[in-house]
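**Student:** Going by numbering that gives the first Met the number 0, the sequence shown opens with residue 0, and the numbers climb by one from there. Can you keep this structure in mind? I'll have questions shortly.
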Amino acid sequence: MRFLYLFIITLLFSSCSQEDNRIIPTVQTFTKLSTATTGITFNNEIQETQTRNHFLWPSIYNGGGVGVCDINNDGLLDIMMTKTFGNDELYLNKGGMQFENISVKAGIQGNPNNVSSGISFGDVNQDGYKDIYVSVFGSSDKPEDKLNRLYINNGDLTFTESAAELGVQSGGFTIQSAFIDFDLDGDEDLYVMNQPSNVRTVKQRYKDEGEAKFTNPMTTDRLYRNDGGKYTDVSKAAGIEKFAYGLGIKVQDINIDGYPDIYIANDYDKPDFMYINNQKGGFVNMIDDAVNHISNFSMGVDISDINNDGLVDIGVLDMAGANHYRSKTNMPSMSPKQFYKNVDDGLHYQYMHNTLQLNNGNNTFSDIAYLAGMAKTDWSWSLVMGDFDNDANKDIYITNGIKKDIRNSDYLLKLKDRIDNAGEKYSASPLEIIDLIPSTPMSNYLYHNDGSLHFTDKANDWGLGDKGYSQGCAYGDLDNDGDLDLVVNNMSALASVYENQVAGANNYLRIQLNSNKNRSILNTKAYVHGTDGTVQYAELAPIKGIMSYSEDILHFGLSDAKVDKLEVIWPDGTFTTIKSPNVNKVLELTYESADKKPYSYKVNTNGNHLLTQTNRLKHKHMENEYDDFSTQLLLPYQPSKLGPFMSTSDANGDGKEDLFIGGATGQAGALFLSDANGALTKSTVLAFATDRDYEDMGSTWLDVDADGDQDLYVASGGYEHKVGSSNLIDRLYINDGNGRFTRSTTRVPKIRQSTMAVISADFNGDGKVDVASFGRIVPGQYPKLPDSYLLINEDGKLKDKTESLAPEMKALGMITDAIASDYDADGDIDIIVVGDWSKVKALNNDGGKMRLTDLDGIDNSGLYTHVNMADLDGDGDQDMIVGNIGKNIKWKAFKDKPFRLYADDFDKNGGYDIVLANYADDDLVPVRGRECSSQQLPYITEEFETFEAFANAPLDKIYDLEKAQNLEVTDLKSTIYLNDGKGKFTMSKLPVEAQIAPINATLVMDINKDGNMDIIAIGNQYSMEVETTRLDAGTGMVLLGDGKGNFEYLINSQSGMNSRGNAKDMVMVNGLVVVSNNDALVESYSIK
0 MRFLYLFIIT
10 LLFSSCSQED
20 NRIIPTVQTF
30 TKLSTATTGI
40 TFNNEIQETQ
50 TRNHFLWPSI
60 YNGGGVGVCD
70 INNDGLLDIM
80 MTKTFGNDEL
90 YLNKGGMQFE
100 NISVKAGIQG
110 NPNNVSSGIS
120 FGDVNQDGYK
130 DIYVSVFGSS
140 DKPEDKLNRL
150 YINNGDLTFT
160 ESAAELGVQS
170 GGFTIQSAFI
180 DFDLDGDEDL
190 YVMNQPSNVR
200 TVKQRYKDEG
210 EAKFTNPMTT
220 DRLYRNDGGK
230 YTDVSKAAGI
240 EKFAYGLGIK
250 VQDINIDGYP
260 DIYIANDYDK
270 PDFMYINNQK
280 GGFVNMIDDA
290 VNHISNFSMG
300 VDISDINNDG
310 LVDIGVLDMA
320 GANHYRSKTN
330 MPSMSPKQFY
340 KNVDDGLHYQ
350 YMHNTLQLNN
360 GNNTFSDIAY
370 LAGMAKTDWS
380 WSLVMGDFDN
390 DANKDIYITN
400 GIKKDIRNSD
410 YLLKLKDRID
420 NAGEKYSASP
430 LEIIDLIPST
440 PMSNYLYHND
450 GSLHFTDKAN
460 DWGLGDKGYS
470 QGCAYGDLDN
480 DGDLDLVVNN
490 MSALASVYEN
500 QVAGANNYLR
510 IQLNSNKNRS
520 ILNTKAYVHG
530 TDGTVQYAEL
540 APIKGIMSYS
550 EDILHFGLSD
560 AKVDKLEVIW
570 PDGTFTTIKS
580 PNVNKVLELT
590 YESADKKPYS
600 YKVNTNGNHL
610 LTQTNRLKHK
620 HMENEYDDFS
630 TQLLLPYQPS
640 KLGPFMSTSD
650 ANGDGKEDLF
660 IGGATGQAGA
670 LFLSDANGAL
680 TKSTVLAFAT
690 DRDYEDMGST
700 WLDVDADGDQ
710 DLYVASGGYE
720 HKVGSSNLID
730 RLYINDGNGR
740 FTRSTTRVPK
750 IRQSTMAVIS
760 ADFNGDGKVD
770 VASFGRIVPG
780 QYPKLPDSYL
790 LINEDGKLKD
800 KTESLAPEMK
810 ALGMITDAIA
820 SDYDADGDID
830 IIVVGDWSKV
840 KALNNDGGKM
850 RLTDLDGIDN
860 SGLYTHVNMA
870 DLDGDGDQDM
880 IVGNIGKNIK
890 WKAFKDKPFR
900 LYADDFDKNG
910 GYDIVLANYA
920 DDDLVPVRGR
930 ECSSQQLPYI
940 TEEFETFEAF
950 ANAPLDKIYD
960 LEKAQNLEVT
970 DLKSTIYLND
980 GKGKFTMSKL
990 PVEAQIAPIN
1000 ATLVMDINKD
1010 GNMDIIAIGN
1020 QYSMEVETTR
1030 LDAGTGMVLL
1040 GDGKGNFEYL
1050 INSQSGMNSR
1060 GNAKDMVMVN
1070 GLVVVSNNDA
1080 LVESYSIK
């Protein structure tokens, strides 16, 4: 029992350190068919024993797969399902949704000690009949128990097992395999996804003795090349021998170059693999370059085009609690120390939730799972993308549920108490312990795609809301009525067969691809051009989800449209065009008889980028190391990592714009001077170097001393400098007229406040330029509201006149950006400010006095990051762009249910404690869990002895909120507001792509020279606390305007933007767009 004791102890110690005419079903779409109707009696029954259980082998709850394929070429899809223990079953489709179990007479019975997992179909010997490859898994070390099986189809509903004869028994622990013509020679090769052993004692040996010792053909994936019907292992040459626990596999031409690629979703700490085909017989893992973060415990995977832009997107599942209760009782806290150790070890940024990677068109992807509304679906297994209501958008079906809640925190606490009392003498049997574990049947999900990067779960509405434990699943048109039916492999329950009854509501087109010579047609592609102007893309890639194989037919829902043109691209690089094919039918296309022309693959671009990345500016921002969370444990992000910020002016009087880039604490700000050709060269400024210990924030140029040159005012901020520190005093650098600067300590007040935004203008109308400096944060006391200041220029000295001219700037808020503008067209300069946990505010100029004023038409509060003003609709007034944190985040904010923040010294220990809160149904509840919350406030574990008690408690039962600071956010969207010319604003929505990431900076110009103003926007926020996924989906974007205040997103492959870093600011210098990134190189783009 010592092993069991050590295992349990390990588990216990984790810590926190547009309008359309689509018909969308509103009534039940699927009908669950009874066994009496279908004849399918399959049940993947799991019975644990003393020698075969979860404690010894965690994968016992993995379940089995589903395969849907026509094995006898009668035009009906047959079904095969695998069992964890016992014989797999093959069902022949007799028509009318009736099936016959032909497993025994077909000869697919395996070794009784086999644990079957994945199913794949392929025509190995090119005889026109689909053969079956069954992946074998399990806990046994006996070679005969781990041999995969290849059933060759005899053409008479019998099969002959031939894996050994053809060289593909493998012998490892195989989860799933996929046929693939990786070398495009016309036959089907085989990729076998192996795991190392998942037996706990063996895994401990891997850890103790090192993985390298155990890396061999049995523990790594295998690639078998088809050489005339027999197979040759080419794994080493292909570069795919990696030690990892793959659970999901998808073969797809990810970069659309004509060659099939492979995506492997890996469980545990190894990052997923994105194997891009190098067209030379091997693969290159591009996961680090392609995505900014991935799922942690990756499970099922599918790849398809979810937004009809002709690019493939990637969905991967994880196991995050789907609601407040499940997340607070079943999800362990993330350890920041372990998280960043994994990052440092090259294991990528991994987060415990589903990911939906949107293709940016330039071989990079952005995770939009939170924006899409499908980031958390509990312990999920299989994800398949298909158009289940034929409305021309791919929906997502997800299977869900684990037989035992093995991560239930209260069960672990109870177990810990028993162990603490008995120590290593604890002698309960595995089955006794397993009996302590709760079991919660879960519903599967059917996410309906609304066509705007958003999905809504319709499982209950559409008849798919049964609760249980489901793993493998597959879809196909089992009754040939033109819609996609579903088959689900359930654990310890009858398999589910769901008949889709949407047929007739919308049009469809199904494409059956064939070859007279039985060449491989895998990864054949099709573009369907609808008469409504839509274009859909699909690829023949039937392995999807987990351990499963869906129909090998291309299915397109069309809504109420018909097809103008169909383009089919064959694997050999030729294509076939069919004009106006009939809809609501199966169109059969045969490779040999199709009219084909050569096809040229090219990147999805018009070949004429509006912006071209140049990176002419060689400068790297270097962030200082500081742990904000050591001061305030439950900060939502690190306020010490907000820069760098930039400003431009003619510093040396040569008529060219120059550039100032602020530095972090320990790094001097940098001045770049332009030469005659506009090239920027760094200039050494001693005064900046002397002040390197300051944290440069915003800056502004002004001629403070009226000597005809531009002086520089720099805001001093940061979180690491203590309240009252001299390093928080803003700085003024006086220009000698030639770009040489000296700091003045007498022309600026010595206000010690952590500031960020700073602007200059003649606010009092006396002809001299004044300054407004805005407080960003009170160090160590987030979210207390800092003061902001109005500094009036009196004879070249900036005097603090806040009290007399702008008293409402005191405790104005945590201001992130400000802009000077006569927004109300009354002839004086007003100020618009935005901030964290704040409304958009106006400081309205009334004869030189700044009065805080509500803006007509703008009343939402947000986590605002940026404000800009320009004439966006061509009516001659100043409209507003307001950057927000975006909707691609786990936080939710609405007018009636705001996102809230409370802060107080709740435990009276002298600190300032933070509580973030969201709504669960109608109850306000904490965002963070019991473990992390109790590290901030230890009394929580005493008052809420169980995780369940904490999960069931509303916020006001956990904290005394009566005297706490209370802030709220009602909107997370970035928005534009159109001005009526008198200061009244009307909201105009930005494209959904503008909500994928924060907007930290914008530039407004007519970039495509059509006479209308366009927007360039950038932004990310990497420094989130580890349980909130870092905001890294931003890639920079171009929004093309129509001159009426409406904007259209331009994909990166056409815009040329590729700003994927922790982008903080953007300026234009001599026609060059410059983007600053936190702790990284500056980027620059030239404009066409």
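Glycine is no exception: its CB is placed at the ideal position from the N, C-alpha and C atoms.
For chain C, check one thing: does any of its Cβ atoms lie closer than 8 Å to the Cβ of His620?
**Tutor:** The structure shown contains no chain C; it is built from a single protein chain.
**Student:** Could you check whether Met808 and Leu784 sit closer than 8 Å to each other, using their CB atoms as the reference points?
**Tutor:** No, the pair does not count as a contact, with Cβ atoms beyond the cut-off.
**Student:** Is it right to say Met621 is buried, meaning 16 or more other beta carbons lie within 10 angstroms of its own, or is it exposed?
**Tutor:** Counting Cβ neighbours within 10 Å, Met621 comes out exposed, since fewer than 16 surround it.
**Student:** Pick out whichever of Glu1024, Phe29, Glu942, Ile1050 has its Cα sitting closest to the Cα of Asp484.
**Tutor:** Checked all of Glu1024, Phe29, Glu942, Ile1050; the closest Cα to Asp484 is Phe29.
**Student:** Give a yes or no on whether the C-beta atoms belonging to Tyr507 and Asn389 are separated by under 8 Å.
**Tutor:** For Tyr507 and Asn389, yes; Cβs fall inside 8 Å.
**Student:** If you draw a straight line from the C-alpha of Gly873 to the C-alpha of Asp1005, how long is it?
**Tutor:** Rounded to the nearest angstrom, the two C-alpha atoms are 12 Å apart.
**Student:** Under three-state DSSP, which class holds Asn352?
**Tutor:** Looking at the sequence shown, residue 352 is not Asn but His. Looking at His352 - three-state DSSP - the assignment turns out to be coil, as it is neither helix nor strand.
**Student:** Is the Cβ-Cβ distance between Asp220 and Asn254 less than 8 Å?
**Tutor:** In this structure, Asn254 does not lie closer than 8 Å to Asp220 by Cβ.
**Student:** Report buried or exposed for Ser646, applying the criterion of at least 16 other Cβ atoms within 10 angstroms of its Cβ.
**Tutor:** Flag for Ser646 reads buried.
**Student:** Identify the residues that DSSP records as bridge partners of Asp959: which are they?
**Tutor:** Paired residue(s): none; Asp959 is not in a bridge.
**Student:** May I ask you to report which of helix, strand or coil DSSP gives Met879?
**Tutor:** DSSP places Met879 in strand when its eight states are reduced to three.
**Student:** Could you check the C-alpha separation between Glu164 and Lys229 for me, to the nearest Å?
**Tutor:** For Glu164 and Lys229, the distance between alpha carbons rounds to 8 Å.
**Student:** If you reduce the DSSP assignment to three classes, tell me which class Ser408 lands in.
**Tutor:** If DSSP states are grouped into helix, strand and coil, Ser408 belongs with the helices.
**Student:** Between the C-alpha atoms of Ala162 and Tyr132, what's the straight-line distance to the nearest angstrom?
**Tutor:** Approximately 8 Å between the Cα atoms of the pair.
**Student:** What is the residue span of the alpha helix (DSSP H) that Ala525 lies within?
**Tutor:** Where Ala525 is concerned, there is no enclosing alpha helix (DSSP H), although the beta strand (DSSP E) it sits in stretches over 524–529.
**Student:** Name the one or two DSSP bridge partners that Cys931 has.
**Tutor:** Note: Cys931 sits in no beta bridge, so no partner.
**Student:** Assuming the contact rule is C-beta atoms closer than 8 Å, Thr34 and Met96 should be a hit. Round their C-beta distance to whole Å, please.
**Tutor:** Not really, about 12 Å apart at Cβ, beyond 8 Å.
**Student:** Alpha carbon to alpha carbon, what distance is there between Tyr444 and Trp378?
**Tutor:** When rounded, the distance between both Cα atoms is 12 Å.
**Student:** Specify the secondary structure class of Gln470 as computed by DSSP and reduced to three states.
**Tutor:** DSSP places Gln470 in strand when its eight states are reduced to three.
**Student:** Sorted by chain position, which residues of the same chain lie with C-beta nearer than 6 Å to Gln1020's C-beta, five sequence neighbours on each side aside?
**Tutor:** Around Gln1020: Pro997, Leu1030.
**Student:** Mapping the DSSP letters down to three states, classify Asn800 as helix, strand or coil.
**Tutor:** Position check: residue 800 holds Lys in this sequence, whereas Asn was assumed. Coil.
**Student:** Our contact map puts Asp878 next to Gly1044 with C-beta atoms below 8 Å; I'd like the distance itself, whole angstroms only.
**Tutor:** Contact flag correct, Cβ pair sits at about 7 Å.
**Student:** Determine the direct distance from the alpha carbon of Ala177 to that of Ile913, and round the result to whole angstroms.
**Tutor:** C-alpha separation (whole angstroms): 49 Å.
**Student:** Assign Asp317 to buried or exposed, taking buried as 16 or more other Cβ atoms, counted over all protein chains shown, within 10 Å of its Cβ.
**Tutor:** With 16 or more Cβ atoms within 10 Å of its Cβ, Asp317 is classed as buried.
**Student:** Are there 16 or more other CB atoms within 10 angstroms of the CB of Arg325, so buried, or fewer, so exposed?
**Tutor:** Arg325 is buried by the Cβ-count criterion.
**Student:** From the DSSP output, which residues share a beta bridge with Asp835?
**Tutor:** Looking at the DSSP assignment, Asp835 forms a beta bridge with Met813, Leu862.
**Student:** Would you check if the distance between the CB atom of Val713 and the CB atom of Arg746 is smaller than 8 Å?
**Tutor:** Contact: no.
**Student:** Please state whether DSSP places Asn265 in a helix, a strand or coil.
**Tutor:** Correct three-state label for Asn265: strand.
**Student:** Considering only residues of the same chain and omitting the five flanking positions on each side of Ile179, which have a CB-CB separation below 6 Å?
**Tutor:** Cβ within range, chain order: Asp188, Tyr190, Val250, Pro259.
**Student:** Taking just the CA atoms, how far does Trp380 sit from Gln470?
**Tutor:** The straight-line gap from Cα to Cα measures roughly 5 Å.
**Student:** To the nearest angstrom, how far is the alpha carbon of Glu240 from that of Leu634?
**Tutor:** Near 41 Å, if we compare the C-alpha coordinates of Leu634 and Glu240.
**Student:** Taking the beta strand (DSSP E) that Asp922 belongs to, which residues open and close that run?
**Tutor:** Segment 922–925, the beta strand (DSSP E) holding Asp922.
**Student:** Just to confirm my understanding: we take Phe387, look at its own chain, exclude 5 residues before and 5 after, and list those with CB closer than 6 Å. What are they?
**Tutor:** Only Asp394, Leu483 meet the Cβ criterion.
**Student:** Going by DSSP, what residue range makes up the beta strand (DSSP E) through Asn276?
**Tutor:** Its beta strand (DSSP E) spans residues 272–276.
**Student:** Would you kindly work out how many angstroms separate the C-alpha atoms of Glu18 and Asp449, rounded to a whole number?
**Tutor:** Confidence at Glu18 is low in this model, with a pLDDT of 40, below 50, so its placement is unreliable and the value that follows should be read with caution. Approximately 11 Å, taken between the alpha carbons.
**Student:** Find the nearest neighbour of Ser115 within the set Leu797, Leu790, Ile545, Ala892, judged by alpha-carbon distance.
**Tutor:** Cα-wise, what sits closest to Ser115 is Ile545.
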